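Protein chains: 2
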Amino acid sequence: MPRTSDADERLLNAALELIWKNSYHATSVDDICRAAEVRKGSFYHFFPSKSQLALAALEAAWRRRKSILDELFSPTLPPLRRITGYFDHVAKTQRAHRGKCGCVLGCPFFNVGCEVGTQGSALGTKIRKILDRQLLYFETAIRDAHAQRTVRAPDARVAARMLFAFYQGTLAQARIRNDPRLLGELRTGALQLLGARGEARAR
Amino acid sequence: MPRTSDADERLLNAALELIWKNSYHATSVDDICRAAEVRKGSFYHFFPSKSQLALAALEAAWRRRKSILDELFSPTLPPLRRITGYFDHVAKTQRAHRGKCGCVLGCPFFNVGCEVGTQGSALGTKIRKILDRQLLYFETAIRDAHAQRTVRAPDARVAARMLFAFYQGTLAQARIRNDPRLLGELRTGALQLLGARGEARAR
DNA sequence: CGGATATTTGACCAACCGGTCAAGATAATC
DNA sequence: GATTATCTTGACCGGTTGGTCAAATATCCG
Numbered sequence: 002m003p004r005t006s007d008a009d010e011r012l013l014n015a016a017l018e019l020i021w022k023n024s025y026h027a028t029s030v031d032d033i034c035r036a037a038e039v040r041k042g043s044f045y046h047f048f049p050s051k052s053q054l055a056l057a058a059l060e061a062a063w064r065r066r067k068s069i070l071d072e073l074f075s076p077t078l079p080p081l082r083r084i085t086g087y088f089d090h091v092a093k094t095q096r097a098h099r100g101k102c103g104c105v106l107g108c109p110f111f112n113v114g115c116e117v118g119t120q121g122s123a124l125g126t127k128i129r130k131i132l133d134r135q136l137l138y139f140e141t142a143i144r145d146a147h148a149q150r151t152v153r154a155p156d157a158r159v160a161a162r163m164l165f166a167f168y169q170g171t172l173a174q175a176r177i178r179n180d181p182r183l184l185g186e187l188r189t190g191a192l193q194l195l196g197a198r199g200e201a202r203a204r
Numbered sequence: 002m003p004r005t006s007d008a009d010e011r012l013l014n015a016a017l018e019l020i021w022k023n024s025y026h027a028t029s030v031d032d033i034c035r036a037a038e039v040r041k042g043s044f045y046h047f048f049p050s051k052s053q054l055a056l057a058a059l060e061a062a063w064r065r066r067k068s069i070l071d072e073l074f075s076p077t078l079p080p081l082r083r084i085t086g087y088f089d090h091v092a093k094t095q096r097a098h099r100g101k102c103g104c105v106l107g108c109p110f111f112n113v114g115c116e117v118g119t120q121g122s123a124l125g126t127k128i129r130k131i132l133d134r135q136l137l138y139f140e141t142a143i144r145d146a147h148a149q150r151t152v153r154a155p156d157a158r159v160a161a162r163m164l165f166a167f168y169q170g171t172l173a174q175a176r177i178r179n180d181p182r183l184l185g186e187l188r189t190g191a192l193q194l195l196g197a198r199g200e201a202r203a204r
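Note that the protein sequences, when read in sequence, are chains A and B.
Numbering-wise (the working numbering), the first sequence opens with residue 2 and increments by one.
Numbering-wise (the working numbering), the second sequence opens with residue 2 and increments by one.
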């Protein structure tokens, strides 16, 4: 067997980068090829269509994110720490984005989800699935926090949805305004939203 | 003087509808012309470019929204009622969208803001301005609520930003999942986020 | 080395993109 | 009813879109 190429990976990376920074519809196949230094013929050797490439790129991004989430939401950590620790991590990476490419980028799944959500595409379905899974991390952390009474959240699922909405809304505002300082409000907002007890608020 | 036309208004309405439902980049000039039953030549008689049309359409949408906000956030109403009343109104109109076109559409300013936010276009600037103004309604309501001690929010601006993020995040989730039921969580989340007192929570 | 398979290349496609324009149609005004 | 400014029309533009393809080339394996 002949020749192994990394052009497919370069395409995945370039696609994620461009779609994340701009948007799905604003990113053309030619743009992606140019950024990945791959000719269009090779593009269609590896991927059947632009939408399939986007799907694969988001899937790859999710795999990376999942391993970070698994670490930050480890059950060995106090439940509220998992959440605030994750928010700290998000603030850090968004600041890094801003340093590198000049923009706060927000969440790629959420951004593309907003863009294509109403169109019933395969992309939309995949994104809903990813967001659902991300929600689960919040849900179990909140359930644990409730069990050890650092938080009062009888319905952990609803509380997780509200926290997730607050989190994504804050991240999106940071993108729209290109201001990572807004992410500093994630921690206090989360504790407030979950009705965290006084003692739990410190650090 | 000759001939008065409403083609410009039809274009504004069609543009808002299509951009809101789909996205800015997914909506073409031809799409808009078709929906408005206007030939392309007429389009460019009234508007110099697609982006200027979008700008004007969002501006018109904001004017309509502003008059609703002025009414629902009237200082004659109890401060928390202004907020919950607005959320009720949003839930109602989003349900209506879903009934009419099958989709929860979310907030047009926020959606387009997410899409073009990083590109430094005039559209982005306009949207930031609109979102800022919408934020002010929350801010004064929260300040009033704090003054009459139905809420504890020493920094009304920060509290407003957090509430706004929660509101937009929830609306966007409802769009992504096409589920208006999520909007039912706006009220309880808002009261929780603002640390509303027990008595204030009842209806 | 020779063959099999994986990859690369660049030319090509029809459809569509945002935008232009000259010519004609229409209607309020005098 | 002529004038005049507003609006409408449809043909047209070069560039870009997502996507195709046959031929060339590179590599691994025996």
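Built from N, CA and C at the ideal position, the CB exists for glycine as well.
Nothing here was measured: the structure is a model prediction, and the numbers come from that model.
C-alpha distance - Thr126 of chain A paired with Arg65 of chain A, whole-angstrom precision = Along the first sequence, read from residue 1 onward, the residue named residue 126 of chain A stands at position 125. Along the first sequence, read from residue 1 onward, the residue named residue 65 of chain A stands at position 64. Cα-Cα distance, rounded: 19 Å.
Mind listing, in chain order, the continuous alpha helix (DSSP H) runs of no fewer than 4 residues lying wholly within the region 73 to 107 of chain A?
Whole alpha helix (DSSP H) segments, 4+ residues: 80 to 102.
Q.
Judging by CA-CA distance, which residue of B:Leu164, B:Ala8, B:Pro109 and B:Leu187 is the nearest neighbour of His46 of chain B?
A. The residue labelled residue 46 of chain B in the question sits at position 45 within the second sequence. When B:Leu164, B:Ala8, B:Pro109 and B:Leu187 are compared, the shortest CA-CA separation from His46 of chain B is found for B:Ala8.
Cβ of Arg176 of chain B less than 8 Å from any chain A Cβ?
-> As a working mapping, residue 176 of chain B is identified with position 175 in the second sequence. With 8 Å as the cut-off, Arg176 of chain B counts as an interface residue toward chain A.
Can you give the Cα-Cα distance for Asp32 of chain A and Ala61 of chain A, rounded to whole angstroms?
Here the question's residue 32 of chain A lines up with position 31 in the first sequence. Here the question's residue 61 of chain A lines up with position 60 in the first sequence. Between the alpha carbons of Asp32 of chain A and Ala61 of chain A lies a distance of about 20 Å.
Item to check | Whole-Å CB distance - Arg153 of chain A paired with Gly190 of chain A, under 8 Å assumed | outcome: Your numbering for residue 153 of chain A matches position 152 in the first sequence. Your numbering for residue 190 of chain A matches position 189 in the first sequence. In this structure Arg153 of chain A does not touch Gly190 of chain A by the C-beta definition: roughly 17 Å separates them, more than the 8 Å allowed.
Cβ atoms of Gln120 of chain A and Asn179 of chain B: under 8 Å apart, would you say? Taking the first residue of the second sequence as 1, we reach residue 179 of chain B at position 178. Taking the first residue of the first sequence as 1, we reach residue 120 of chain A at position 119. No, these two residues do not count as a Cβ contact at 8 Å.
Next item on the list: Could you check if Ile177 of chain A is buried or exposed, using at least 16 other CB atoms within 10 Å of its CB as the buried criterion?
Entry: As a working note, residue 177 of chain A is residue 176 in the first sequence. It counts as buried.
query = Are the C-beta atoms of Val159 of chain A and some chain B residue less than 8 Å apart?
reply = Taking the first residue of the first sequence as position 1, residue 159 of chain A is located at position 158. Answer yes: the Cβ-Cβ gap between Val159 of chain A and chain B drops below 8 Å somewhere.
Taking contact to mean 3 or more Cβ pairs, one atom from each stretch, closer than 8 Å, check whether the region 154 to 166 of chain B and the region 125 to 143 of chain B are in contact. Because the criterion of three Cβ pairs below 8 Å is met, the region 154 to 166 of chain B and the region 125 to 143 of chain B touch.
- If we ignore side chains and look at the alpha-carbon of each, how far apart do Lys101 of chain B and Pro181 of chain B end up? In the second sequence, residue 101 of chain B corresponds to position 100, counting from 1. In the second sequence, residue 181 of chain B corresponds to position 180, counting from 1. One C-alpha to the other measures close to 13 Å.
Against chain A, with Cβ distances strictly below 8 Å, would Ser24 of chain B count as a contact? Locating residue 24 of chain B in the second sequence gives position 23, counting from the first residue. The C-beta of Ser24 of chain B comes closer than 8 Å to at least one C-beta of chain A.
Proximal residues of chain A, C-beta to C-beta of Arg129 of chain B below 7 Å: If you number the second sequence from 1, residue 129 of chain B lands on position 128. Within chain A, the residues near Arg129 of chain B are Ile177 and Arg178.
Going by DSSP in three states, Glu60 of chain B sits in which element: helix, strand or coil?
Looking up residue 60 of chain B in the second sequence gives position 59. Helix.
Exercise. Relative to the alpha-carbon of Thr5 of chain B, which residue among B:Ser43, B:Gln169 and B:Pro155 has its alpha-carbon at the smallest distance?
Worked result: Residue numbering aside, residue 5 of chain B sits at position 4 when the second sequence is read from its first letter. For the set B:Ser43, B:Gln169 and B:Pro155, the Cα lying nearest the Cα of Thr5 of chain B is the one of B:Ser43.
Please classify Gln193 of chain A: is it buried, with 16 or more other beta-carbons within 10 angstroms of its beta-carbon, or exposed? Counted from its first residue, the first sequence places residue 193 of chain A at position 192. Around the Cβ of Gln193 of chain A, a 10 Å sphere holds 16 or more other Cβ atoms; the residue is buried.
Applying the 10 Å Cβ sphere with the 16-neighbour rule, what's the burial state of Asp133 of chain B? Locating residue 133 of chain B in the second sequence gives position 132, where the first residue counts as 1. Note on Asp133 of chain B: under 16 other CB atoms within 10 angstroms of its CB, so exposed under the neighbour-count rule.
Next item on the list: Enumerate in chain order the residues of its own chain whose CB-to-CB distance from Ala146 of chain A is below 6 Å, with the five nearest sequence positions on each side excluded.
Entry: The sequence position of residue 146 of chain A within the first sequence is 145, counting from 1. Within the same chain, Cβ atoms closer than 6 Å to the Cβ of Ala146 of chain A are found at Pro80, Leu81 and Val152, the five residues on either side in sequence being excluded.
Would you identify the three-state DSSP class for Gly196 of chain A, choosing helix, strand or coil?
The count along the first sequence starts at 1 and reaches residue 196 of chain A at position 195. Correct three-state label for Gly196 of chain A: coil.
message = 8 Å is my cut-off, CB to CB: does Ala27 of chain A come that close to chain B?
response = Position 26 of the first sequence, counted from the first residue, corresponds to residue 27 of chain A. For Ala27 of chain A, the nearest CB of chain B lies under 8 Å from its own CB, placing it at the interface with that chain.
Query raised in the report: Is the beta carbon of His90 of chain A less than 8 Å from the beta carbon of Leu73 of chain A?
Result: If you number the first sequence from 1, residue 90 of chain A lands on position 89. If you number the first sequence from 1, residue 73 of chain A lands on position 72. In this structure, Leu73 of chain A lies closer than 8 Å to His90 of chain A by Cβ.
Note the first and the last residue of the continuous alpha helix (DSSP H) segment covering Pro109 of chain B.
Counted from its first residue, the second sequence places residue 109 of chain B at position 108. Secondary structure note for Pro109 of chain B: its alpha helix (DSSP H) is the uninterrupted segment Pro109 to Val117.
Check: chain A beta carbons: is any one of them nearer than 8 Å to that of Ala166 of chain B?
Finding: On the second sequence, residue 166 of chain B is found 165 positions in, with the first residue counted as 1. Chain A contact via Cβ: present.
- Item | Test: Gln135 of chain B CB closer than 8 Å to a CB of chain A | As a first step, residue 135 of chain B must be located in the second sequence, where it is residue number 134. Contact of Gln135 of chain B with chain A is not assigned, every C-beta pair being separated by 8 Å or more.
ask   = Three-state secondary structure (DSSP) at Ser6 of chain B?
value = Here residue 6 of chain B corresponds to residue number 5 of the second sequence, with the count starting at 1. The three-state reading of DSSP puts Ser6 of chain B in coil, since its state is none of H, G, I, E or B.
Terminal residues of the continuous alpha helix (DSSP H) containing Gln174 of chain B?
Here residue 174 of chain B is taken as the residue at index 173 of the second sequence, counted from 1. Taken as a continuous stretch (DSSP letters only), the alpha helix (DSSP H) holding Gln174 of chain B covers Ala157 to Arg178.
Check: From what residue to what residue does the alpha helix (DSSP H) around Phe47 of chain A run?
Finding: Stepping through the first sequence from its first residue, residue 47 of chain A is reached at position 46. Element bounds for Phe47 of chain A: Lys41 to Phe47.
Can you tell me whether DSSP reads Glu38 of chain B as helix, strand or coil? The residue you call residue 38 of chain B lines up with position 37 of the second sequence. Reduced to three states, the DSSP call for Glu38 of chain B is coil.
- Task: With Thr141 of chain B as the anchor, note down where its alpha helix (DSSP H) starts and where it stops.
- Result: Here residue 141 of chain B refers to the residue found at position 140 of the second sequence. Unbroken alpha helix (DSSP H) run through Thr141 of chain B: Ala123 to Ala148.
*Nearest-angstrom Cα separation, counted from Gln135 of chain A out to Gln149 of chain B*: Along the second sequence, read from residue 1 onward, the residue named residue 149 of chain B stands at position 148. Along the first sequence, read from residue 1 onward, the residue named residue 135 of chain A stands at position 134. Taking the straight line from one Cα to the other gives about 39 Å.
_Gln53 of chain B burial status per 10 Å Cβ neighbour count (16 or more: buried)_ = The sequence position of residue 53 of chain B within the second sequence is 52, counting from 1. Flag for Gln53 of chain B reads exposed.
Counting only beta-carbon separations shorter than 8 Å, does Arg96 of chain A have a partner in chain B?
In the first sequence, counting from the first residue as 1, residue 96 of chain A sits at position 95. So no, Arg96 of chain A is outside the interface.
**Q.** Close-in-space but distant-in-sequence residues of the same chain around Ala15 of chain A (CB under 6 Å, 5 per side omitted)
**A.** As a first step, residue 15 of chain A must be located in the first sequence, where it is residue number 14. Around Ala15 of chain A: Ile33, Ala36 and Ala37.
Q: With DSSP as the reference, label Ser24 of chain B as helix, strand or coil.
A: Here residue 24 of chain B refers to the residue found at position 23 when the second sequence is read from its first residue. When secondary structure is reduced to three states using DSSP, Ser24 of chain B falls in the coil class, being assigned neither helix nor strand.
**Message:** Residues of chain B with CB closer than 8 Å to the CB of Gly170 of chain A, please, in chain order.
**Reply:** Locating residue 170 of chain A in the first sequence gives position 169, counting from the first residue. Chain-ordered, the chain B residues with CB closer than 8 Å to the CB of Gly170 of chain A read Phe165, Ala166, Phe167, Tyr168, Gln169, Gly170, Thr171 and Ala173.
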